[in-house]
Structures are given as structure tokens and as C-alpha cells.
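Novice: In the working numbering, the protein residues as written are 4 to 479.
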């Protein structure tokens, strides 16, 4: 990952301070330890970049990156950059590097704002046009890369992490109790546009943001497919999925630095490991969280697969001796609380893996795509079967579900996710949970799902999977 920072002072007379820019980007240099660069582009635009070098390691790809009259700061990877470069060269564009960074401004000149629909990757970037004095910002489809921003005293300020914004402008160090309160009550985190700091927002996934002398505009450039494709057979869909899966793994193995993978006992990470073996000839290191003498420890399963694939299995023992200290570091980097206890063993894995490698592959997102959170999606799937007249199939599914899961818990979970904010509040009051909050945490604006695109789905199951993508997955 890299770290980006920038400010555009279109409606402010405040002079940009290079020293403040340096301090801002240095506050997130853990994101990009290889090099940190800041630049005052012109009288009212300043950029900063902390680089973690992955593709083309030389200084020619350092940022802020200039391409004709465009200036870019970018965090992420455009995986199909080789294919896009060939297409753009054919269209007459020239390149001075072999990096994915240079693809972004060239693609913007060629396709305009629609360039993001040509990108296969994860990104958060800001691209400044010196000719038009406009700033074009974008965040990837699923929100893998963060983009935080604020409008303050006539300036637009953005960064990968909020601490860079606060370092540049300490006046913004104000807690957003509404957001903190939502987290405490309902573990609402990064899926919300609100952050834990007043006046600082997140750009939602699959959105662009444009700053011009006319003001600012936020637009959505991609949505989840809503209709089931009945023109394709199951076997055809299975083959297409496998082809896409293989291609995604192959593209992510493009790297000029060491690559590894995380591995658990789950189907998702195991599937990635097996495909890596097919597209990559050299053995890789696979990192697994280990909980010795615990019934949920999956290390032996992961180690067995590593032995079969010829990978180097690395056991990462999760210790709780310094739990509070490490939790403090985790919250510092996340800049909010987190709803999943898995964040703690993941911290151990990334800390250990960074000693050997720069990039690792993991299975995040598979459950949301393939219905892996069975308790969460089960009721919606049964309702789909019943609405289609598949009574016998629904009964069989219920019997099968009862062998592994509590039917009561699945129904209650579905009700909990579907309840209105008022009923959720009444439930907390009935259980006495509201009584534990005091001071500014006593009140908050209820969180609703109205801001998410959930209309006109042809299947209740697909609607729920889309909701998981837009909420829980973004938070993870």
C-alpha cells in the first residue's frame, strides 16, 4: 500500500506551507516506507505521497507523478496495466516508465472520467489537471483502498489516513460522537460515509469526486448486477467463474517484490493457494494464524495443504500477553473501532509476513460473493425458493441447514438485519443496553441502509449478498 495526501485551496487565500505538507505525509510513512515526497504543484495545490514500491522499483515511478499537464498521487494497483498500456500505445500515447502508475493519467486523457471503468484493480487516487484547474478523485469498486476528505476554510483536503489531515490541520481534531455512538451500538464502521472525526468523510466505494471552480460533485460509476442471467447454464457459469478466478490470481502475481499468501483452513484461501501453484512456478511462503491447543486452531490443516503444494508454511502464533498494547496500535491505524475480533490475529500475520514479503494474497470477499455467511443469507435463499414454488427444495435445504446450524439463530439474525432503526433501538432499551451510554454518546442519528443501492434486485439472496459487499466487506 501507499499513502496519499493533498490539498487544493481554490477558495482560500491561505498560502500552502511545504513544511506542513512534509509533516502530513510523514505521519503516514508507514504506508509507504520506500520514499516520501511532497510537492507544491502551484500556488493553491499541494500533493504528498508515501510509496511502497511494488511495480517498477526505480525513482522514475515516484509520485507525485507528472504526465503532460496532469499530476497524480495514487494508492493501489491497476492489475491490467500491461494490457491497457498496449491499448493506449496503439492509440498514440507514449510512456516513459513500465509502471501501472503512468497508466492512470494516460487513460484519463484517452477516456476521460470513464477511465475507471477500464481499470481492473484497487485504487484511491487524485489527479490534478493544471490546464483546467480541476481535481478528479476516485475510489475502487469495493472500497479496498481508503479515501478520506474534508472541506475546511475554503480548502479541500484528502488523505489515505485521517491522521495526515489532522497533522496538516490540527483544528479538525474533534470527535464525531454520532459515528462513535453508532459503532458502540451497532458496530457501524467504514461502511458509513462518516468517520470518527467531525467534518471528515469517506468517499464511498465505486464513486468519483470532482473539484472545479463550480464546486464539487460526487458520482457513482459502478453498481452491482441486479438481474439473474437465465441464459447461462450452471456448468457454463462454473467455467466462467473459474476462468475469472484464474485470471485474477494470475494478474495479482505481477510484482517486482516478494509475494506470499495467507492461508487458513477455509475454502477461499485454499483455493487461491491451489491456483497460485498453477500460475507460479516458485514456492511461496504461506502465513497462518496459530492458536495452540485450541479447538478452532486451523494451522495443521493449512500446513498439510502447504506440504502438498510445496509451499513454505509459516506458523504465526497469536499471543495475548500484550493484547491491550497491540489493540491500541490497531485502533491507531484503523482510526476507529472494529467489529471483528479477527483483526487481532490478522495484525500478527501482517507483522510477521512483512519480515519476508511485501505483498500477500488473501481470500477476503469470497463469503460475500458465494454465500459463505450461511446464517446471514439462509432465510433470503429459502424465501427465493418458496417464491419460485420450489417447496421440496426449500424443505431439503432447511433439513440440511439444521444439521450444521441453529435454525432459530439464522431467523433471529435475519430479523436483526432487517429491523428498522426504531425497532433496533427498542430492542436495546428492552435489554438495558441503552443504559450503559452517557454524555455525548447518549444520542445519535440512526444508521439506515437507504444510502446503499438495494432496489430492483431479482433475487432476495443477491440483494443480501450485495448488502454484505457494501457494508460488512467494506468494513473488513
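We put the CB at the ideal spot given by N, CA and C, even for glycine.
Can you tell me which of 31, 57, 10 and 26 puts its alpha carbon nearest to the alpha carbon of residue 43?
Specialist: Closest by alpha carbon: 10.
Novice: Would you tell me roughly how many angstroms separate the C-alpha atoms of residue 394 and residue 401, rounded to the nearest one?
Specialist: Cα to Cα, residue 394 sits roughly 11 Å from residue 401.
Novice: I want to know whether the region 337–346 touches the region 193–212 - three or more CB-CB distances under 8 Å.
Specialist: The region 337–346 vs the region 193–212: in contact.
Novice: Which residues mark the beginning and the end of the alpha helix (DSSP H) in which residue 305 is found?
Specialist: That run of the alpha helix (DSSP H) goes 302–312.
Novice: Can you tell me whether residue 496 is buried or exposed, with buried defined as 16 or more other CB within 10 angstroms of its CB?
Specialist: This structure cannot settle anything about residue 496, because the visible part of the chain is limited to 4 through 479.
Novice: Go through its chain and collect everything with a Cβ distance to residue 215's Cβ below 6 Å, but skip five positions before and after it.
Specialist: Cβ within range, chain order: 137.
Novice: Cα separation between residue 66 and residue 205?
Specialist: Approximately 23 Å, taken between the alpha carbons.
Novice: With C-beta atoms as the reference, is residue 34 less than 8 Å away from residue 163?
Specialist: Yes, these two residues count as a Cβ contact at 8 Å.
Novice: For residue 138, write down the residues that DSSP places opposite it in a beta bridge.
Specialist: The partner list for residue 138 (beta bridge, DSSP) reads 131 and 214.
Novice: Can you round the beta-carbon distance between residue 143 and residue 208 to whole angstroms, since I take them to be within the 8 Å contact cut?
Specialist: Confirmed, Cβ separation roughly 7 Å.
Novice: Secondary structure at residue 144, three-state DSSP: helix, strand or coil?
Specialist: Here residue 144 sits in coil by DSSP.
Novice: Within 10 angstroms of the Cβ of residue 260, are there 16 or more other Cβ atoms? Answer buried if so, exposed if not.
Specialist: Flag for residue 260 reads exposed.
Novice: Would you report the Cα separation of residue 318 and residue 265, rounded to the nearest angstrom?
Specialist: One C-alpha to the other measures close to 11 Å.
Novice: Grouping DSSP H, G and I as helix and E and B as strand, with all else coil, what is residue 151?
Specialist: Strand.
Novice: Under three-state DSSP, which class holds residue 457?
Specialist: Coil, per DSSP.
Novice: CA-CA distance, residue 21 and residue 286?
Specialist: Looking at the two C-alpha atoms, the distance is approximately 45 Å.
Novice: Could you tell me which whole beta strand (DSSP E) segments of length 3 or greater appear in the region 389–476?
Specialist: As far as the region 389–476 is concerned, it has no whole beta strand (DSSP E) run of at least 3 residues.
Novice: Determine the direct distance from the alpha carbon of residue 381 to that of residue 396, and round the result to whole angstroms.
Specialist: Distance between the alpha carbons of residue 396 and residue 381: 13 Å.
Novice: Helix, strand or coil, according to DSSP, for residue 289 in the structure here?
Specialist: Reduced to three states, the DSSP call for residue 289 is strand.
Novice: So, for residue 271: in the same chain, excluding its five sequence neighbours on each side, which residues have a beta-carbon less than 6 Å away from its beta-carbon?
Specialist: The residues are 366 and 369.
Novice: In the DSSP assignment, what residue or residues form a beta bridge with residue 178?
Specialist: Per DSSP, 200.
Novice: Cα-Cα, which of 91, 149, 135 and 362 is closest to residue 257?
Specialist: The option with the nearest alpha carbon to residue 257 is 362.
Novice: Would you list the one or two residues that DSSP bridges to residue 316?
Specialist: Partner(s): 289.
Novice: Give me whichever residues DSSP pairs with residue 116 in a beta bridge.
Specialist: According to DSSP, which records beta bridges pairwise, residue 116 is partnered with nothing at all.
Novice: Around the Cβ of residue 140, are there at least 16 other Cβ atoms within 10 angstroms (buried) or fewer (exposed)?
Specialist: Buried is the call here.
Novice: Using C-beta distances below 7 Å, list every residue in its chain close to residue 343, excluding the 5 sequence neighbours before and after it, in chain order.
Specialist: If we look at residue 343 and ignore the five residues flanking it on each side, its Cβ neighbours are 479.
Novice: Grab me the residues of residue 267's own chain with a C-beta within less than 7 Å of its C-beta, minus the 5 sequence neighbours each way, in chain order.
Specialist: The answer, listed in chain order, is 291, 301 and 305.
Novice: Please look up how many angstroms separate the CB atoms of residue 289 and residue 314, rounded, as I've assumed it's under 8 Å.
Specialist: With a Cβ gap of about 5 Å, residue 289 and residue 314 count as contacting.
Novice: Could you compute how far the alpha carbon of residue 26 sits from the alpha carbon of residue 171?
Specialist: Each residue's Cα considered, the two are about 7 Å apart.
Novice: Skipping 5 residues on each side, what residues in its chain have a beta carbon closer than 8 Å to that of residue 414?
Specialist: Cβ neighbours of residue 414 beyond the five flanking positions: 382.
Novice: DSSP three-state call for residue 39: helix, strand or coil?
Specialist: In this structure, residue 39 counts as strand in the three-state DSSP scheme.
Novice: Quick check for students: name the residue ranges of the alpha helix (DSSP H) that lie wholly in the region 9–97, counting only runs of 4 or more.
Specialist: For the region 9–97, whole alpha helix (DSSP H) runs of length 4 or above, ordered along the chain, are 21–29 and 84–93.
Novice: Between which two residues does the beta strand (DSSP E) containing residue 364 stretch?
Specialist: Residue 364 -> beta strand (DSSP E) spans 362–364.
Novice: Hey, is residue 29 close to the ligand GTP, as in C-beta under 7 Å from one of its heavy atoms?
Specialist: Judged by which ligands are present, the structure shown has none, so any question about the ligand GTP falls away.
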